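Visitor: Following this message is one structure expressed as structure tokens.
Protein chains: 2
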Amino acid sequence: MAADSLGEATPRRRLSRRRVLETAISRADQGGLDALTMRTLAEELGVVPAALYRHVTNKDDLIDAMVDLVFAEIRLPSGGADWATAMRRRAISVLEALTRHRWAIGLMESRRNPGPANLRHHDAVLGKLRSAGFSVAMAGRAYSLLDSYVYGFALTKVALPPDPSGDPTERARAMLEQLSSNEFPNLVELMTEHVAQQGDDYGDEFGYGLEIVLEGIERARRQPRPQLGSSPDTTSQPDARPT
Amino acid sequence: MAADSLGEATPRRRLSRRRVLETAISRADQGGLDALTMRTLAEELGVVPAALYRHVTNKDDLIDAMVDLVFAEIRLPSGGADWATAMRRRAISVLEALTRHRWAIGLMESRRNPGPANLRHHDAVLGKLRSAGFSVAMAGRAYSLLDSYVYGFALTKVALPPDPSGDPTERARAMLEQLSSNEFPNLVELMTEHVAQQGDDYGDEFGYGLEIVLEGIERARRQPRPQLGSSPDTTSQPDARPT
DNA sequence: ACCTGAACACCGTTCAAGT
DNA sequence: ACCTGAACACCGTTCAAGT
Chain A
1 MAADSLGEAT
11 PRRRLSRRRV
21 LETAISRADQ
31 GGLDALTMRT
41 LAEELGVVPA
51 ALYRHVTNKD
61 DLIDAMVDLV
71 FAEIRLPSGG
81 ADWATAMRRR
91 AISVLEALTR
101 HRWAIGLMES
111 RRNPGPANLR
121 HHDAVLGKLR
131 SAGFSVAMAG
141 RAYSLLDSYV
151 YGFALTKVAL
161 PPDPSGDPTE
171 RARAMLEQLS
181 SNEFPNLVEL
191 MTEHVAQQGD
201 DYGDEFGYGL
211 EIVLEGIERA
221 RRQPRPQLGS
231 SPDTTSQPDA
241 RPT
Chain B
1 MAADSLGEAT
11 PRRRLSRRRV
21 LETAISRADQ
31 GGLDALTMRT
41 LAEELGVVPA
51 ALYRHVTNKD
61 DLIDAMVDLV
71 FAEIRLPSGG
81 ADWATAMRRR
91 AISVLEALTR
101 HRWAIGLMES
111 RRNPGPANLR
121 HHDAVLGKLR
131 SAGFSVAMAG
141 RAYSLLDSYV
151 YGFALTKVAL
161 PPDPSGDPTE
171 RARAMLEQLS
181 SNEFPNLVEL
191 MTEHVAQQGD
201 DYGDEFGYGL
211 EIVLEGIERA
221 RRQPRPQLGS
231 SPDTTSQPDA
241 RPT
């Protein structure tokens, strides 16, 4: 009780911004963002809540910093590969990071203060596209499409907060029982097939869509101007709206 | 003060689940989800907080119901159109709904209790794809890709909470000033171009990506088996799937 | 310089009590 | 049946005070 002579060998003693961020992340990883509370965080660090404010200006700043640490986990496009390979690797790396840190999915691209790792990341990806011959506008569109797909996939397939009630396949089966199959025949049909094949092939749904997106970008890049399938009248109307 | 004889002409007097949900939504629409508090909601309804619990079992139930009302705003695929047209219209309708209700973006596909409008919606979209000749698996993949794109676009381009500090173009310009252009040259390049063209053409970034996705789905549907660009070894493994 | 104690203004939710 | 009053157990954050 009186003697704390362990010194700097154990990283337990003194608080630091880094230590605050790391335990905050691991807490959010396993309990979701709701489980992250300044008070419980302080308690886990063996400190009084007010002490956190020496290392973090407020909870918003804490979360901004956590998000930037997640960005730092994503691999940047490495040197030699062609753009498609580089983008594929990056997309997978983003999805992996978002799977480890589900709480971050909704925050990565919607915070007001992008951190340094965030900026570095986006700059590097854009740079890869530019040096592969993409125009500025085309690089922007390609990046937008790719990121929309990756984050959207994460959001719709990975975002569910940690589930206390057992494995997801079982949950799907239970849910299936609830649905009256004559009211929602197509839903039941799809879920039955998914449950049947054990969710394994389902696992590469991400790669499947990713290839479609990459091929689409490659094709669009080779065309001078993309023809939008929807618009017979891109000019003429003053305020035309696709109703 | 003493006489409340207006009766049922004004919808002000009596509380109802519908009235609770509607004011909750309009509150979230203009202040974000953080501005939605059981207590302030009650106050706006001229009622004590505890009164809400007669019409809503708790805040989670409230939010589930709000999300389902957003689903109800999305148009279902109408009768005659081809699948691509139907999917295009739906995607635009989803994006519009998510633009009106930015707070819902992260919640539409990640709540544990999908409501009736949610189920109806997904069933109708799947039904459209099935009746256009998509196999069950292909319909699932197509839907997954489409929804990932739409929700991801919403998340990365629309999700920012209501911004007190003026118009976004000005904010982009201010941010540009901050970035040292030799540290993030590609980012600066892209933002400069976007700011220059007034964000108008930028507005159809959504349609641009959507067409690429739709074309990719059409092409994939016509192919017997998609060749994944990434995998030199799709066969040869012992535990191939039991299809 | 870093942490503590104590307080402030808020939350969501419950429960007995009123009408 | 529907709403109120009052309370409980929690929040994020501040600020004077200790070391």
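As they're listed, the protein sequences go chains A and B. Quick note on our numbering: the first sequence kicks off at 1 and runs consecutively. Quick note on our numbering: the second sequence kicks off at 1 and runs consecutively. For every residue, glycine included, the Cβ atom is placed at its ideal position computed from N, Cα and C. Here the structure is a predicted model, which is why all the values come from computation and not from measurement.
Output needed in chain order: residues of the region 207 to 226 of chain A with a Cβ under 9 Å from some Cβ in chain B.
Guide: G207, Y208, G209, L210, E211, I212, V213, L214, E215, G216, I217, R219, A220, P226
Visitor: Would you identify the three-state DSSP class for A132 (chain A), choosing helix, strand or coil?
Guide: Within the first sequence, numbered from 1, the residue matching residue 132 (chain A) stands at position 132. Residue state, collapsed to three classes: coil.
Visitor: Out of curiosity, what's the CA-to-CA distance linking D64 (chain B) and I217 (chain B)?
Guide: To locate residue 64 (chain B), count along the second sequence from 1; it is residue 64. To locate residue 217 (chain B), count along the second sequence from 1; it is residue 217. Cα-Cα distance, rounded: 32 Å.
Visitor: Reducing DSSP to helix, strand and coil, say where L155 (chain A) ends up.
Guide: The residue given as residue 155 (chain A) occupies position 155 in the first sequence. Three-state DSSP puts L155 (chain A) in a helix.
Visitor: Kindly indicate if chain B contains any beta-carbon less than 8 Å away from that of T235 (chain A).
Guide: For this step, residue 235 (chain A) is matched to residue 235 along the first sequence. Any reading at T235 (chain A) is ruled out, since the residue's pLDDT is 38, under 50, leaving its predicted position unreliable.
Visitor: Quick check: the Cα distance between A2 (chain B) and D204 (chain B), rounded to an integer number of angstroms?
Guide: For the purposes of this step, residue 2 (chain B) is taken as the residue at position 2 of the second sequence. For the purposes of this step, residue 204 (chain B) is taken as the residue at position 204 of the second sequence. Caution applies to A2 (chain B), whose pLDDT of 34 falls short of 50 and renders its modelled position unreliable; the value that the coordinates give is listed next. Taking the straight line from one Cα to the other gives about 56 Å.
Visitor: Mind pulling the chain A residues with CB within less than 7 Å of E205 (chain B)?
Guide: For the purposes of this step, residue 205 (chain B) is taken as residue 205 along the second sequence, with counting starting at 1. The contacting residues are R141, S144.
Visitor: If the cut is a Cβ gap below 8 Å, which residues of chain A does A172 (chain B) touch?
Guide: Within the second sequence, numbered from 1, the residue matching residue 172 (chain B) stands at position 172. Within chain A, no residue comes near A172 (chain B); the closest Cβ sits about 12 Å away, beyond 8 Å.
Visitor: Taking all protein chains shown into account, do 16 or more other C-beta atoms lie within 10 angstroms of the C-beta of T169 (chain A), making it buried, or fewer, making it exposed?
Guide: Translated into the one-based positions of the first sequence, residue 169 (chain A) becomes position 169. Flag for T169 (chain A) reads exposed.
Visitor: If we count the other Cβ atoms within 10 Å of its Cβ and call it buried at 16 or more, is S148 (chain A) buried or exposed?
Guide: Taking the first residue of the first sequence as position 1, residue 148 (chain A) is located at position 148. Buried: at least 16 other Cβ atoms inside 10 Å.
Visitor: Taking only beta-carbon positions, decide if A137 (chain A) is within less than 8 Å of chain B.
Guide: On the first sequence, residue 137 (chain A) is found 137 positions in, with the first residue counted as 1. Taking Cβ atoms only, chain B reaches closer than 8 Å to A137 (chain A), which makes this a yes.
Visitor: Secondary structure at I105 (chain A), three-state DSSP: helix, strand or coil?
Guide: Translated into positions along the first sequence, residue 105 (chain A) becomes position 105. It is coil, neither helix nor strand.
Visitor: With S26 (chain A) as the anchor, note down where its alpha helix (DSSP H) starts and where it stops.
Guide: Here residue 26 (chain A) is taken as the residue at index 26 of the first sequence, counted from 1. Run containing S26 (chain A): 17 to 31, per the alpha helix (DSSP H) assignment.
Visitor: Any beta carbon of chain B sitting closer than 8 Å to that of H122 (chain A)?
Guide: The sequence position of residue 122 (chain A) within the first sequence is 122, counting from 1. H122 (chain A) belongs to the set of residues whose beta carbon lies under 8 Å from a beta carbon in chain B.
Visitor: Could you check the C-alpha separation between V150 (chain A) and L21 (chain B) for me, to the nearest Å?
Guide: Looking up residue 150 (chain A) in the first sequence gives position 150. Looking up residue 21 (chain B) in the second sequence gives position 21. Cα to Cα, the separation comes out at about 32 Å.
Visitor: Run through DSSP, which three-state label would H55 (chain A) get?
Guide: Within the first sequence, numbered from 1, the residue matching residue 55 (chain A) stands at position 55. Coil.
Visitor: By Cβ distance below 7 Å, which residues in the same chain neighbour P77 (chain B) in space, the five residues on each side in sequence not counted?
Guide: By 1-based counting over the second sequence, the position of residue 77 (chain B) is 77. Once the five neighbours on either side are set aside, the close Cβ partners of P77 (chain B) are A86, R90, A124, V125, K128.
Visitor: With a threshold of 8 Å on Cβ separation, who are the neighbours of V54 (chain A) within its own chain once the five nearest residues in sequence on each side are excluded?
Guide: Working through the first sequence from its first residue, we reach residue 54 (chain A) at position 54. Position check: residue 54 (chain A) holds Arg in this sequence, whereas Val was assumed. Taken in chain order, the residues that qualify are L15.
Visitor: For D68 (chain B), is the classification buried or exposed, using 16 other Cβ atoms within 10 angstroms of its Cβ as the cut-off for buried?
Guide: As a first step, residue 68 (chain B) must be located in the second sequence, where it is residue number 68. That one is buried.
Visitor: Flag this pair as yes or no: are the beta carbons of A42 (chain A) and M66 (chain A) separated by less than 8 Å?
Guide: Translated into the one-based positions of the first sequence, residue 42 (chain A) becomes position 42. Translated into the one-based positions of the first sequence, residue 66 (chain A) becomes position 66. Going by C-beta atoms, A42 (chain A) is not nearer than 8 Å to M66 (chain A).
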